[in-house]
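Just below is one structure, and these are the notes that go with it.
Protein chains: 2
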Amino acid sequence: MATRTIKRPQQIDSWVSFLRAHAAITRELSAQLQREHGLTLNDYEVLLHLSHAEGGRMRRVDLAQQVVLTASGITRLLEGLERSGFVCKETCASDARVSYAKLTGEGAAKLKVAAATHLRGIDELFLSRYSGSELTTLAELLARLPLTGADCKTSSEPCS
Amino acid sequence: MATRTIKRPQQIDSWVSFLRAHAAITRELSAQLQREHGLTLNDYEVLLHLSHAEGGRMRRVDLAQQVVLTASGITRLLEGLERSGFVCKETCASDARVSYAKLTGEGAAKLKVAAATHLRGIDELFLSRYSGSELTTLAELLARLPLTGADCKTSSEPCS
DNA sequence: GCGCTATACTTGAGGGCACAACTATGGCAA
DNA sequence: TTGCCATAGTTGTGCCCTCAAGTATAGCGC
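In the order they appear, the protein sequences are chains D and X. Quick note on the working numbering: the first sequence kicks off at 739 and runs consecutively. Quick note on the working numbering: the second sequence kicks off at 739 and runs consecutively.
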């Protein structure tokens, strides 16, 4: 039973490795980010997306899609960031339904500080394990996976 | 600003893709598993590990390591599986501290049923996106990532 | 045998997230 | 204009998980 192992399909191996690696990595990186900067992994991602956005602000719904969170998830997450003063609300002149999340100066500063140690953590994780070309391959392959909930949903729909 | 994008290091691209893909995929697969079988992704993984284990049972601590959960996480997870009758406790004769989690017949049956649709979901996700050789590459690369919390921790420790 | 530390597990408290239900606004068609 | 559906966002509820603290057993030096 030890040597005569059943040959499992590679997609299963990929998937299990994926799950375990994610759990292990996020646990560590998340704890590190929380300990040193009081931020969640998603907090960080949100600040990052805002910093890259036009005018440092995004609609909550777009933000939710970027970080793969539900609408309510984004509401709660931004609640925290607003309390900390890292983002603020902004209303939309042309559509009263939307409210923007805007990165504050304080938020940008926080991101900058957090990035220093967080990026180092990521580097240590990936650069120590892969060569340059392997990283390229990995990035390319991973990018092909569904990056939004919608992409994912369609692929598991056709049933009968 | 659209064309002249800043070149980001590949480990960051890999990491962000990794995060987003995980969020999107687990949200869908988890919801599917929950809807159709009332199981969590981790519930499923635990049942799976038990089914592969010698005698269908494992120490809680080893189980925790396999699915990358804390000791308390495993306690809570098994609580639910025990209530559902899919696993049961077993004491260890030689060490009174350890208690085994043992797969019941009902649990094995549940796993078998759940596997049918769950594996199909995974297949649809991966097989539609990668060729055979790409899957091999992906599985190999992913397997190199830390698969336990300890593996992960060591790599981010050396600081000053 | 007596402490000391390590290990296995449980419990209380709290945070993050999803789902469902709800409000409010926008846009379109008759 | 009125009705109807879509979209943006919030709130109540509950699950899952972690951390910190606590209990119980094991193993070891003395």
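The beta-carbon is built from N, C-alpha and C at its ideal position, and this holds for glycine as well. Remember, predicted model here, so these are calculated numbers, not experimental data.
Identified DSSP bridge partners for residue i
| i | result |
| --- | --- |
| R795 (chain D) | D:K840 |
Which listed residue (the options) has its alpha carbon closest to that of residue i
| i | options | result |
| --- | --- | --- |
| R858 (chain D) | D:E774, D:R758, D:S789 and D:V805 | D:E774 |
| E828 (chain D) | D:R797, D:A877, D:Q803 and D:R758 | D:R797 |
| E817 (chain D) | D:H760, D:Y838 and D:S752 | D:Y838 |
| E820 (chain D) | D:I763, D:L885, D:K848 and D:H856 | D:K848 |
| V851 (chain D) | D:L786, D:L807, D:N780 and D:I763 | D:L786 |
| S772 (chain D) | D:A853, D:T842 and D:L879 | The question names Ser, but residue 772 (chain D) in the sequence shown is Gln. Minimum Cα distance to Q772 (chain D) is reached at D:A853. |
| V836 (chain D) | D:T813, D:T842 and D:E844 | D:T813 |
| T842 (chain D) | D:A834, D:H856, D:F824 and D:T855 | D:F824 |
| R746 (chain X) | D:Q770, D:H790 and D:I763 | D:H790 |
| R884 (chain D) | X:L880, X:R882, X:R867 and X:C826 | Per the sequence shown, the amino acid found at residue 884 (chain D) is Pro instead of Arg. The shortest C-alpha separation from P884 (chain D) is found at X:R867. |
| L779 (chain D) | X:E783, X:A762, X:S822 and X:L757 | X:L757 |
| E766 (chain D) | D:A834, D:Q804 and D:T855 | D:T855 |
| A762 (chain X) | D:L863, D:V806 and D:E872 | D:V806 |
| E783 (chain X) | D:G776, D:L815, D:F864 and D:S755 | D:S755 |
| S822 (chain D) | D:L788, D:T764, D:G776 and D:S768 | D:G776 |
| A759 (chain D) | X:L865, X:F864 and X:Q804 | X:Q804 |
| T764 (chain X) | X:L863, X:L815 and X:R882 | X:L863 |
| L788 (chain D) | D:C826, D:L865 and D:A769 | D:C826 |
| L865 (chain X) | D:L815, D:Q770 and D:R882 | D:R882 |
Start and end residues, beta strand (DSSP E) containing residue i
| i | result |
| --- | --- |
| T829 (chain X) | V825 to T829 |
Local Cβ density within 10 Å of residue i, reported as buried at 16 or more and exposed below that
| i | result |
| --- | --- |
| S752 (chain D) | buried |
| T892 (chain X) | Here T892 (chain X) scores only 42 on pLDDT, less than 50, and its place in the model should not be relied on; the value that follows carries that caveat. Flag for T892 (chain X) reads exposed. |
| A802 (chain X) | buried |
| T741 (chain X) | With a pLDDT of only 49 at T741 (chain X), under 50, the local geometry of the prediction cannot be trusted, and no value is derived from it. |
| D781 (chain D) | buried |
| E792 (chain X) | exposed |
| A834 (chain X) | exposed |
| L880 (chain X) | buried |
| A877 (chain D) | buried |
| A809 (chain X) | exposed |
| G870 (chain X) | exposed |
| G845 (chain X) | buried |
| A831 (chain X) | exposed |
| S894 (chain D) | The predicted position of S894 (chain D) is uncertain, since its pLDDT is 33 and thus under 50; no value can be drawn from it. |
| S898 (chain X) | Only weak support exists for where S898 (chain X) lies, its pLDDT of 26 falling under 50; the coordinates are left without a value. |
Cβ-Cβ separation, residue j to residue i (assumed contact under 8 Å), whole Å
| i | j | result |
| --- | --- | --- |
| I860 (chain D) | Q749 (chain X) | 6 Å |
| G811 (chain D) | K840 (chain D) | With 8 Å as the limit, G811 (chain D) and K840 (chain D) do not qualify as a contact, their Cβ atoms being about 19 Å apart. |
| T875 (chain D) | T875 (chain X) | 6 Å |
N- and C-terminal bounds of the alpha helix (DSSP H) containing residue i
| i | result |
| --- | --- |
| R746 (chain X) | Neither: R746 (chain X) is in no alpha helix (DSSP H) and is coded neither H nor E. |
| G776 (chain X) | Element bounds for G776 (chain X): n/a, residue is neither H nor E. |
| L876 (chain X) | G870 to A881 |
| L816 (chain X) | A809 to R821 |
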